[in-house]
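Residue numbers (full-length UniProt numbering): 1 to 610.
Quick look at the structure:
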């Protein structure tokens, strides 16, 4: 650490010095070569094949038909040999268990998931997008405190159904283990009545840092600091010491180096042909060194806030996911609709840029109600404020902007912080509940004999809570679905949010599954069949390349079968016999291309939906 002398207390200068030294060593040691890539060339196109193509063009221009026929014959033979050579290379990689390169090669052969970027790569467009992504931070001052949600708009903790979760503090020993995975040095509180002590300082060990460095994906792109994860992973033993010192210095000073929280925003289109700025999702590329620290801190935060987390939040949690969220919605719905005179109303809420509207001050005030230490809370606030960001669009880079609101998408901590931001509104009773999957929230109301008071009150209070927590609801995209199997249906009054009536729809796509108000899964079956049938085209292209059967099986299971069996646990038992025959025919057409005994896959599918 002699090269960092004089920067011992300046976290920004020391971080810059270490980063520059890593990049300096890489530039001096790593060999570089320049490769020209042609977007239209298939991966089996060689330089010899390109020369033959150029000779063919010259013969065509000169009008030499005899030479043209001769070159065409050579070209056909050479293309066949090049394809055969490329196929053998893929099969050799498969034998070496190099699945990543095999999968990449199969996608190039078939053209699967190759999209053309229609985005204008001008500097003006990049600056406009950066300004749009940072629109919530305009005119904000991180030093000023945001208003705290009033108690009248937050569910009371005394209410047996509404829950504003404020769990008791856990002891600092709860996050320590014999292996020293996380070390907390705590100070005793002067209040004798306090049952627990709050951790005042968090630190990480050398072994922790090394373990996280070794887990990095070396194929990821470098962040704004230019440090590649390949270098961090290969040199984990040499870098873990200095990085441990930087991490502990950052946590002790409650500061995040500016270089680490700088974000390179890559606009990812939400639609095939984006037309407005809102059609892009800002995905942040950040420093991989920062992501290592975030993962270490995430373990600590997850343990410290476990009793505070919403049990009906199904995102970013180990062991639960999309299927659990859909089961939570469908199970009470089916049970309630079996009763006479019953209806179910489901309100699907849609937020406008939910991650970008997180208020750091409000989040910190929520964290103060948990057992998270004051030092960690201050570090989180610094992590979310004064964040430089710029947009990279093709070959141009926008001007830099400073963001003080929201959390960058694509980082490790941001999704978890968002779940904590929304955890203080929880509701579950016998007839109504609020469930969440990240920012996809749904209120389910089981109504009997037209008694809708509880359902409407829950919707109103959730809307009020969103307003007080600066979460913007998109009423135009918020939809309601009413499930009523009675012969003589009663016309239901619509629900209004902020003076606008919510549209009642007959079907809604929730977490990738198409739900309808009859629960007969017709729409979902049509979509799944159409998607699976379209992917058979890629399987045929791959089969025409004469690849081995094992590669065909990998592609079939990953591309075709995965689509057909997606969420089958919900719609499998309710599928119509006509749709079942269509799916069996689809599986026959796909499996017969790769296996002589295709009926085994068909029987397996019937077993799943039986």
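Where is the CB? At the ideal position from N, CA and C, for every residue including glycine. Everything numeric in this text was worked out from a predicted model, so none of it was measured.
Straight-line measurement puts the Cα of residue 442 at about 13 Å from the Cα of residue 315.
A direct Cα-to-Cα measurement between residue 126 and residue 72 gives close to 46 Å.
Cα atoms of residue 446 and residue 345: separation of roughly 7 Å, rounded to the nearest angstrom. Around residue 399, the same chain offers 127 as residues with beta carbons nearer than 6 Å, after the five sequence neighbours per side are excluded. The shortest CA-to-CA distance from residue 231 to any of 213, 403 and 468 is the one to 213. According to the DSSP secondary-structure assignment, residue 284 is paired through a beta bridge with 265. Comparing C-alpha distances from residue 43 to each of 101, 276 and 539 shows the shortest one belongs to 101. Comparing alpha-carbon positions, the option among 261, 252, 286 and 211 lying closest to residue 221 turns out to be 286. Between the C-alpha atoms of residue 215 and residue 235 there is a straight-line separation of about 12 Å. Look at residue 82 here: in three-state DSSP terms it is helix.
Around residue 52, the same chain offers 71, 74, 75 and 78 as residues with beta carbons nearer than 7 Å, after the five sequence neighbours per side are excluded.
Pairing residue 294 with residue 569 gives a Cβ-Cβ distance that is not under 9 Å. For residue 397, the secondary structure class from DSSP, reduced to helix, strand or coil, is strand. Taking C-beta separations shorter than 7 Å and ignoring five residues to either side along the sequence, the partners of residue 546 in its chain run 87, following chain order. With a threshold of 16 other beta carbon atoms within 10 Å, residue 354 meets it and is buried.
Segment contact: the stretch 247-265 against the stretch 25-40, fewer than three CB-CB distances shorter than 8 Å; contact not assigned. Secondary structure note for residue 208: its alpha helix (DSSP H) is the uninterrupted segment 206-214.
Between residue 358 and residue 418, the CB-CB gap stays under 9 Å. For residue 258, no alpha helix (DSSP H) run applies, since DSSP gives it neither H nor E.
Taking a C-beta distance under 9 Å as the contact criterion, residue 448 and residue 334 do not qualify as a contact pair. Residue burial is scored here from C-beta neighbours: residue 414 has at least 16 other C-beta atoms within 10 angstroms and is therefore classed as buried. If only complete runs of 3 or more residues are kept, the stretch 356-402 shows the beta strand (DSSP E) at 387-393, in order along the chain. An exposed status is given to residue 531, since fewer than 16 other beta-carbon atoms sit within 10 Å of its beta-carbon. One Cα belongs to residue 561, the other to residue 552, and the distance between them is close to 12 Å. Residue 15 sits in a helix when the DSSP states are folded into three classes.
Residue 290 is a Cβ neighbour of residue 411, given a cutoff of 9 Å.
DSSP places residue 575 outside both helix and strand once states are collapsed to three, so it counts as coil.
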